[in-house]
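If you read the sequence shown in my numbering, its first letter stands for residue 50, the second for the next number, and so on.
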Amino acid sequence: MSSKFLSVPRLVGWAIALVAIIGVVVMMKMRAAQESNPSDIPKAPPKGEVVRYLAATSTTWPAWSVKAAEDVPAALGRWVGSQMELAELLGPESGLAFVGAENAAVPGPGKSAVLGFKAGSASVTVFVQQYTQMPALERGITYRLPATGGQQIIAALPAGKIFFIASSSAEGLAAATKAMGLPAPSKDY
50 MSSKFLSVPR LVGWAIALVA IIGVVVMMKM RAAQESNPSD IPKAPPKGEV VRYLAATSTT
110 WPAWSVKAAE DVPAALGRWV GSQMELAELL GPESGLAFVG AENAAVPGPG KSAVLGFKAG
170 SASVTVFVQQ YTQMPALERG ITYRLPATGG QQIIAALPAG KIFFIASSSA EGLAAATKAM
230 GLPAPSKDY
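What follows is the structure in structure tokens.
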């Protein structure tokens with residue numbers, strides 16, 4: 050009886066079954082490790098990286114690909130994933146003159162766009178970025194970012210998008226904040 054139990058074909062069959070079981074277990078463990086790997090989870094970029102990008106881009110405006118206000122909703126639809134009229138963003142009598150809009154690359158997981166305005170002689174730059182719950186922001190709060198390169202920068206979360214507003218002029222920043230109906234900055238970003 051022992052010779053039948055330990056026959057070569059039977060041993061080969063058991064060895065193949067054992068290798069298959071071990072292979073399945075190893076694959077399941079590898080897949081579980083990949084799914085729970087924290088390096089694959091999107092993270093908010095470092096604040097310094099965001100501030101440097103915003104300050105640099107707001108001081109040297111791009112060659113605007115959109116120069117007519119009526120073309121902004123379609124452009125924002127392409128760049129940020131949802132259309133928005135300038136009147137929705139700024140209110141009916143904002144005091145800001147639209148200069149142009151362009152696709153942007155604000156650090157972080159969401160798509161972004163940049164819009165340029167004039168408030169009197171001051172330049173105001175508004176970055177619009179998809180909000181992906183990172184960083185954690187509260188609606189109804191306006192956040193201060195560190196001033197860099199002469200640019201004052203604030204952030205807010207109206208309409209499900211992050212808005213970063215930058216200007217080298219306190220008057221320009223105040224005009225944009227008022228036009229967008231945002232409260233005064235009360236927290237650090």
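Each residue gets a CB set at the ideal place from its N, CA and C atoms; glycine is no exception.
Within 10 angstroms of its Cβ, does residue 229 collect 16 or more other Cβ (buried), or is it exposed? Stepping through the sequence shown from its first residue, residue 229 is reached at position 180. Classification of residue 229: buried, given that the 10 Å Cβ count is 16 or more.
Is residue 186 closer than 8 angstroms to residue 206 when the C-beta atoms are compared? Reading the sequence shown from its first residue, position 157 is the one you call residue 206. Reading the sequence shown from its first residue, position 137 is the one you call residue 186. In contact: residue 206 and residue 186 (Cβ atoms closer than 8 angstroms).
My understanding is that residue 122 touches residue 132, with C-beta atoms under 8 angstroms, so please give their C-beta distance in whole angstroms. As a position in the sequence shown, residue 122 is number 73, starting the count at 1. As a position in the sequence shown, residue 132 is number 83, starting the count at 1. About 4 angstroms; that satisfies the 8 angstroms criterion.
Output the distance between the C-alpha atoms of residue 115 and residue 235, rounded to the nearest integer angstrom. As a first step, residue 115 is located in the sequence shown; it is residue number 66 there, counting from the start. As a first step, residue 235 is located in the sequence shown; it is residue number 186 there, counting from the start. Roughly 33 angstroms between the two C-alpha positions.
What does residue 115 pair with, by DSSP beta-bridge criteria? Position 66 of the sequence shown holds residue 115. For residue 115, which the question treats as bridged, DSSP gives the partners 150.
Shortest alpha-carbon distance to residue 146 belongs to which of 155, 152, 212, 136? By 1-based counting over the sequence shown, the position of residue 146 is 97. Residue 146 has its Cα closest to that of 136, out of 155, 152, 212, 136.
Residue environment, residue 201, which counts as buried when at least 16 other CB atoms sit within 10 Å: Numbered from its first residue, the sequence shown carries residue 201 at position 152. Label assigned to residue 201: buried.
Tell me whether the beta-carbon of residue 174 lies closer than 8 angstroms to the beta-carbon of residue 100. Here residue 174 corresponds to residue number 125 of the sequence shown, with the count starting at 1. Here residue 100 corresponds to residue number 51 of the sequence shown, with the count starting at 1. Not in contact: residue 174 and residue 100 (Cβ atoms no closer than 8 angstroms).
Beta-carbon gap between residue 128 and residue 160 smaller than 8 angstroms: Counting from 1 along the sequence shown, the entry for residue 128 is found at position 79. Counting from 1 along the sequence shown, the entry for residue 160 is found at position 111. Cβ atoms of residue 128 and residue 160: closer than 8 angstroms.
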